[in-house]
Amino acid sequence: MIIAKIITILSFFTAGFLSLSTAAQADFDTVMITPIQLTDQIYMLTGQGGNIGLFISEDGTFLIDDQFAPLTKKIIATIKSVGGAHPKFLINTHYHGDHTGGNENLGQKGTMIFSHDNVRARLSTGSFIQEFNKKRPGISREGLPVITFSEDISFHLNGDTIHTIHVPGAHTDGDSFIHFKKANIIHAGDIFFNGFYPFIDVLHGGSLKGMIEAVDTILLLANDSTKIIPGHGPLGDKVQLISYRQMLWIAFERLRALKAEGKSAQEAAAAEPLKDLDEIWGDGMFKSDRWIEIIYSGV
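For the sequence shown, the numbering used here begins at 1248 and goes up steadily by one.
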């Protein structure tokens, strides 16, 4: 678990979250894309950036997210090493660059890209992530989703139904999670950071309350055998997602009370209301004081 968290932290910060530098490019050269087999046809791919979902089917290779552009060749090589082909379908769980950085590379080679409406809008116009001081320009037509949806969309591939469900105002305003019904696998995207405080992009429509509601939606579909691919962190299950949800709810209740008292984000962070949670949840991207400052306006 600790090693997985360290890898996740490096995935965010070494690559500058949404942009590249010479140092980051050098780091990409050493990244390994590792396939973790979940069923005969479904894999979780780890590397640098958000966890990728892979479904190899006779109807075409189906990909969930694609990390950073310099990793596309390695990702394709890994897909082929486990019996897949160049992705026929790609769905983006949200717009962040560590999940959509390979869109242009894949789209130029004929991959059909899908997303929620808001994901295409943000990819088209570009974005600025204040918390990481990172600007990303709009991407080219080849990297944009060609099919978008407002609530949900289903794919019917090789005997399984892959149901993609939009959850509003969670990690961003364009989040979706993907449910493989027959295989009993869920790719949660960045709704689920397994083992640590999640980044919530409040300036782009995310909120702590929305994250809780999104997790609740996933839990309604999960059972004790469900494998849950998080956006970041190791492969999870329902027990881990429930624990994560409990942490989010505790944070929401305590921060809502401070907000009702008129406390500013800085005052709330200084009060250390989540200090008791740091031992378990604070060895990832943020300690609780910084996390509070980021999410407070979305409580």
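No residue lacks a Cβ here, since even glycine has one placed at the ideal position from N, Cα and C.
A direct Cα-Cα distance of roughly 24 Å separates Ile1489 from Asn1339. Counting along the chain, no alpha helix (DSSP H) covers Asp1448, and no H or E run does either. Contact between the region 1401 to 1414 and the region 1373 to 1383 is absent, with fewer than three C-beta pairs closer than 8 Å. By a beta-carbon distance limit of 8 Å, Ile1280 contacts Leu1292. Their separation comes to about 6 Å. Residue Asp1448 holds the alpha-carbon nearest to the alpha-carbon of Pro1415 among Phe1440, Tyr1444, Asp1448 and Gly1354. Here Phe1424 is not near Ile1409, since their CB atoms are 8 Å or more apart. Of all alpha-carbon atoms in Asp1420, Ile1289 and Asp1364, the one lying nearest the alpha-carbon of Gly1453 is that of Asp1420. DSSP lists Tyr1290 as the beta-bridge partner residues of Gln1284. Per the Cβ contact rule, the region 1331 to 1345 is in contact with the region 1429 to 1443 (3 or more Cβ pairs under 8 Å). Contact between the region 1299 to 1315 and the region 1493 to 1505 is absent: fewer than three C-beta pairs spanning the two stretches fall below 8 Å. The continuous alpha helix (DSSP H) containing Arg1492 extends over residues Lys1485 to Ala1507. In summary, Asn1352 is buried, with 16 or more beta-carbon neighbours lying within 10 Å of its beta-carbon over all protein chains present. As the crow flies, the alpha-carbon of Asp1471 is around 41 Å from that of Gly1509.
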